[in-house]
Each structure stands twice: as C-alpha cells, then as structure tokens.
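Single-structure report; data block below.
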Amino acid sequence: MDYTDKIFLWLGIFNGSKNEFNLYFDQSKGYLLDEYGNDRLPEEIELSQFSKDLGEDFTYDEDFIGYLLFPNSIEILEILEEVPINHSEKESVIKKCIELGLNDANAVYWYSDEITPNPNISYNGLKYIGEYLAE
Numbered sequence: 000m001d002y003t004d005k006i007f008l009w010l011g012i013f014n015g016s017k018n019e020f021n022l023y024f025d026q027s028k029g030y031l032l033d034e035y036g037n038d039r040l041p042e043e044i045e046l047s048q049f050s051k052d053l054g055e056d057f058t059y060d061e062d063f064i065g066y067l068l069f070p071n072s073i074e075i076l077e078i079l080e081e082v083p084i085n086h087s088e089k090e091s092v093i094k095k096c097i098e099l100g101l102n103d104a105n106a107v108y109w110y111s112d113e114i115t116p117n118p119n120i121s122y123n124g125l126k127y128i129g130e131y132l133a134e
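Counting in numbering that gives the first Met the number 0, the sequence shown runs from 0 upward without gaps.
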C-alpha cells in the first residue's frame, strides 16, 4: 500500500492554548536554511516536537499532515467527519478509542507518510489510535 493511501491517526484532549497546540508542529527552525536563505549552524537546527516524538531526525512533510483543535470536547465520530479517513474505517476507530478509554476529544492529528509511531507515548497529550485507509 502506498503511504498516501493511508493515514496515521491521533486523538485526545489537549489542555493548552491554540498557540501551544500549533507550536507542537512548528518546524521553522528545522530547516537547513533560515528565512533569509542563509545556512543555519547545526546547533541552530531544531526539529518540531512532533518530529521528535516520532523519533525522526528530520522535518516531517507538511503536505501530508493535518491537525485540528476544537474549542470543546466533542464525540469522536463528529471529529472524524473532519478527517480524510475512509468511511469504512470509522467504526474501527471508535472501537479503538473505546479500548483506550477515549470517549470524546478536542484535538486530532493525521499524517500520511512513512513513519512508525510509538503507541506507548503521549503525542502532545493525544493518543496514537492507529493506521487507517485514507479517503
């Protein structure tokens, strides 16, 4: 299966501000060149916390990620309406969330590139749910 045919999915409750949520994905200091096109020194390069949590030593591809923060907790199924997941997979996601004790959420991330998420760690407060077919 091509990696663009599937998504890796995280759901959960994020308790910080919208700015803190967005900073988790900030990789502006992860590029080899700065905003002026100058080379960065190795000590100036800093990966996003998302890349670090994935155990990667490079920046993630921004073309393959999506993330949303909702003002309040809502049902998982309602959140999945905003995620490019195949309709046939939604019931599997709900079952996995129930297994993890997750009945509602206010945040979601999805990614469609070659990665190996660790299901045993918290990703900015969210839980890794699994790998599913994309829409």
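Virtual Cβ for every residue (Gly too), placed ideally from N, Cα, C.
{"Check": "Threshold first: 4 residues or longer. Then list the alpha helix (DSSP H) segments lying entirely within the segment 89 to 116, N to C.", "Outcome": "89 to 98"}
{"Check": "Taking the alpha-carbon positions, what's the Asn117 to Lys5 distance?", "Outcome": "17 Å"}
{"Check": "Work out the CA separation of Ile44 and Trp136 for me, nearest whole Å.", "Outcome": "Residue 136 lies beyond the residue range present for the chain, which begins at 0 and ends at 134; the question has no answer from this structure."}
{"Check": "What residues match up with Asp38 in a beta bridge as DSSP calls it?", "Outcome": "Leu32"}
{"Check": "So Ala133 and Ile84 are in contact, right, with Cβ under 8 Å, and what is the actual spacing, rounded?", "Outcome": "7 Å"}
{"Check": "Assuming Glu130 is part of the beta strand (DSSP E), what are its boundary residues?", "Outcome": "125 to 132"}
{"Check": "Hey, Leu125 and Gly54 are a contact pair by Cβ (cut 8 Å); roughly how many whole angstroms apart?", "Outcome": "Wrong, their Cβ atoms sit about 16 Å apart, outside the cutoff."}
{"Check": "Pop quiz: Asn119 and Tyr23 are said to be a contact at Cβ under 8 Å. What is the actual Cβ separation, rounded to whole angstroms?", "Outcome": "Incorrect: roughly 18 Å between the Cβ atoms, too far for contact."}
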